[in-house]
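In my numbering, each residue's number is its place in the sequence shown (first place is 1) plus 37.
Glycine included, C-beta positions come from ideal geometry on N, C-alpha and C.
Predicted model, so just to flag it, every value in this text is computed and none were measured.
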Amino acid sequence: MKHQAIIFDLDGTLTDSQEGILSSARFALEQMRWGIPNEAVMRKFLGPPLMFSFQEYCGMTEQQAAKAQDIYRDYYWDTGYLQNQVYPGVRQLLHTLKTKGYYLGVATHKPLKPSVKILEAFNLLQYFDKVAGPEADEDPSKGELVLRANPDRLPGLMIGDRATDIKGAQHAGMDGVAALYGYGHREEFEACGTKLYIESADDIYKLLNLQKESLPGYFISFEGNDGSGKSTQARLLAKRLEQSGYEVVLTREPGGTKVGEKIRDILLDRDNNDMDNLTEAMLYAAARAQHVRQVIKPALRQGKLVISDRFVDSSIAYQGAGRGLGLALVQAINSPAVAGCMPNLTVFLKLTPQMGLERFAHSREQDRLELAGEAFHQTVAAAFDEMIAKDKRFLPISSKGTKQETAQQVFEQVSLRLHEAGLP
Numbered sequence: 038m039k040h041q042a043i044i045f046d047l048d049g050t051l052t053d054s055q056e057g058i059l060s061s062a063r064f065a066l067e068q069m070r071w072g073i074p075n076e077a078v079m080r081k082f083l084g085p086p087l088m089f090s091f092q093e094y095c096g097m098t099e100q101q102a103a104k105a106q107d108i109y110r111d112y113y114w115d116t117g118y119l120q121n122q123v124y125p126g127v128r129q130l131l132h133t134l135k136t137k138g139y140y141l142g143v144a145t146h147k148p149l150k151p152s153v154k155i156l157e158a159f160n161l162l163q164y165f166d167k168v169a170g171p172e173a174d175e176d177p178s179k180g181e182l183v184l185r186a187n188p189d190r191l192p193g194l195m196i197g198d199r200a201t202d203i204k205g206a207q208h209a210g211m212d213g214v215a216a217l218y219g220y221g222h223r224e225e226f227e228a229c230g231t232k233l234y235i236e237s238a239d240d241i242y243k244l245l246n247l248q249k250e251s252l253p254g255y256f257i258s259f260e261g262n263d264g265s266g267k268s269t270q271a272r273l274l275a276k277r278l279e280q281s282g283y284e285v286v287l288t289r290e291p292g293g294t295k296v297g298e299k300i301r302d303i304l305l306d307r308d309n310n311d312m313d314n315l316t317e318a319m320l321y322a323a324a325r326a327q328h329v330r331q332v333i334k335p336a337l338r339q340g341k342l343v344i345s346d347r348f349v350d351s352s353i354a355y356q357g358a359g360r361g362l363g364l365a366l367v368q369a370i371n372s373p374a375v376a377g378c379m380p381n382l383t384v385f386l387k388l389t390p391q392m393g394l395e396r397f398a399h400s401r402e403q404d405r406l407e408l409a410g411e412a413f414h415q416t417v418a419a420a421f422d423e424m425i426a427k428d429k430r431f432l433p434i435s436s437k438g439t440k441q442e443t444a445q446q447v448f449e450q451v452s453l454r455l456h457e458a459g460l461p
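Structure (structure tokens):
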């Protein structure tokens with residue numbers, strides 16, 4: 038093949054770092070009690086060195102800019118970098134290139150250790166043979182960084198979003214590709230003789246004469262005793278996976294559709310305490326039938342990740358065990374509703390029913406099911422424990438820690454399962 042190595046810039050090419058950079062700059066200015074410029078001026082922070090930006094756009098002295106830069110960096114590496122977003126199509130592209138045998142590298146002016154941290158945070162580091170960035174107290178040219186990222190001088194492409202990336206490619210004897218979806222402008226690329234342009238990551242397939250492969254969908258459900266934090270963790274996982282470059286559909290049960298949400302209102306209404314247990318089970322199944330056909334199956338056919346806050350396991354535990362209808366009957370009621378569409382993975386957040394109910398007592402008004410009593414919730418918990426012991430689909434994770442600790446553990450474990458399933 039003509040091209041053996043593909044080298045990428047980081048910011049503006051692999052990841053959109055705009056939100057993290059701007060929020061960190063605003064934080065630094067607030068801490069300095071400095072006026073925050075308008076949005077047009079703030080966007081000029083994207084690209085130039087921080088010292089230059091604080092002095093040029095905010096009127097700081099060199100000493101003031103140095104202090105602002107220190108505040109910026111502390112905030113960015115604690116919080117801001119997690120606001121990055123992998124550009125659409127990048128994850129699948131990297132996965133395809135790696136499986137096709139391409140050498141992959143990163144050449145960035147961002148310091149090396151933080152660059153590796155960003156790639157690790159979004160589970161992209163696995164794809165790269167070499168990451169090149171400035172070490173402490175050095176200021177290499179982009180051309181030198183490209184050479185470091187491709188030490189064997191393999192023929193290939195350097196993809197970046199600024200003219201400096203193209204010039205770096207030229208210095209290293211590689212073909213430069215301008216990523217127009219990043220922070221640069223066509224004029225700066227034309228000024229340095231750029232010949233290859235892409236509007237999105239998917240355009241790389243055409244440049245390399247590759248076929249973009251369709252990905253299978255993947256279905257993740259969240260289960261747990263009431264108060265375990267599953268709704269919060271489902272939302273946090275969806276956000277983290279979207280930032281990592283996946284297409285995600287976040288939904289919930291009962292609900293997820295117009296019909297399902299109306300059924301949800303009936304099921305959880307505290308005034309409906311006279312509802313028969315069989316009626317309750319059938320209403321859940323009815324909402325689920327609509328959910329599967331209108332939301333879940335279409336998204337899976339499109340190769341998306343579906344994350345559902347509760348699914349059929351809740352009916353088995355709550356109505357089958359908790360309401361005493363029997364597991365077999367509830368499974369039979371739900372069989373046509375589910376229609377074979379079971380989760381690939383079920384994240385179960387472990388928390389004792391007593392701890393969960395204590396959390397709810399201090400957070401919000403409880404719904405009809407949450408008011409069912411401790412004995413009911415103990416029975417539900419025992420049913421879940423039995424399902425977990427029998428089915429490897431379940432991924433039990435303790436939710437006793439902080440929200441952030443639990444979210445990180447969920448993300449890491451789910452990422453492993455996605456990798457085992459052959460997904461990017």
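By the 10 Å Cβ neighbour count, where 16 or more other Cβ atoms means buried, how is residue i classified, buried or exposed?
i, result
"Q280", "buried"
"M392", "exposed"
"Q339", "exposed"
"K440", "exposed"
"L87", "buried"
"D350", "buried"
"D302", "exposed"
"P390", "buried"
"T98", "exposed"
"T443", "buried"
"G282", "buried"
"D313", "exposed"
"D48", "buried"
"E248", "According to the sequence shown, residue 248 is Gln rather than Glu. So Q248 ends up on the exposed side."
Which residue's Cα is closest to the Cα of residue i: the options?
i, options, result
"T145", "L134, I203, D189, R128", "I203"
"G142", "Q129, G117, L161, P151", "L161"
"A103", "A65, L83, T136, T133", "A65"
"Q101", "R70, R272, R80", "R70"
"A209", "Y220, E181, G221", "E181"
"D189", "I44, P461, M312, G126", "I44"
"Q207", "V286, D166, K232, G221", "K232"
"Y220", "S452, K429, D53, A412", "D53"
"Q327", "A358, E284, N371", "N371"
"E449", "L274, L131, P171, Y321", "L274"
"R360", "T383, A420, A369, P390", "A420"
"L119", "Q248, V153, G96", "V153"
"K299", "Q446, Y355, Y124, A324", "A324"
"K39", "L191, A215, G230, R289", "L191"
"E67", "R80, T50, C95, D46", "C95"
"P373", "A322, D422, A336", "A322"
When the Cα atoms are used, what is the spatial distance from residue i to residue j?
i, j, result
"I257", "G292", "16 Å"
"K427", "F385", "14 Å"
"D107", "Q41", "40 Å"
"D198", "A228", "14 Å"
"R223", "N187", "26 Å"
"S345", "L287", "6 Å"
"H414", "T294", "27 Å"
"R272", "G170", "33 Å"
"A412", "G261", "16 Å"
"L388", "D263", "9 Å"
"R110", "P148", "11 Å"
"G459", "L252", "10 Å"
"P433", "I353", "17 Å"
"L453", "M424", "22 Å"
"V168", "D212", "19 Å"
"D174", "Y139", "32 Å"
"D166", "K135", "10 Å"
"S436", "G266", "7 Å"
"V296", "F226", "51 Å"
"P23", "N121", "The first residue shown for the chain is 38 and the last is 461, placing residue 23 beyond what the model contains."
Does the distance between the C-beta of residue i and the nearest non-hydrogen atom of the ligand MG fall short of 8 Å?
i, result
"Q445", "As far as ligands go, the structure on display features none, and thus does not contain the ligand MG."
Looking at the structure shown, is residue i part of a helix, part of a strand, or coil, going by DSSP?
i, result
"T255", "As written in the sequence, residue 255 is Tyr, which differs from the Thr given in the question. The answer is strand: DSSP assigns Y255 an E or B state."
"R185", "helix"
"M195", "strand"
"I241", "helix"
"I73", "coil"
"D48", "strand"
"A458", "coil"
"S281", "coil"
"F348", "coil"
"Y112", "helix"
"L59", "helix"
"Q129", "helix"
>> Does the contact criterion of 3 or more C-beta pairs under 8 Å hold for the segment 377-391 versus the segment 245-264?
In response: yes
> Does the segment 307-314 come close enough to the segment 322-336 to have 3 or more Cβ pairs within less than 8 Å?
Replying inline: no
> How about the segment 84-95 and the segment 153-171: do they share at least three Cβ pairs that are nearer than 8 Å?
Replying inline: no
>> Quick test of the definition: if touching needs 3 or more C-beta pairs under 8 Å, does the segment 237-246 touch the segment 313-320?
In response: no
>> Using 8 Å as the cut-off, can you tell me whether the segment 51-64 makes contact with the segment 75-83, which would need three or more C-beta pairs spanning the two stretches below that distance?
In response: yes
>> Using a Cβ distance threshold of 8 Å, determine whether the segment 233-242 contacts the segment 359-366, with at least three qualifying pairs required.
In response: no
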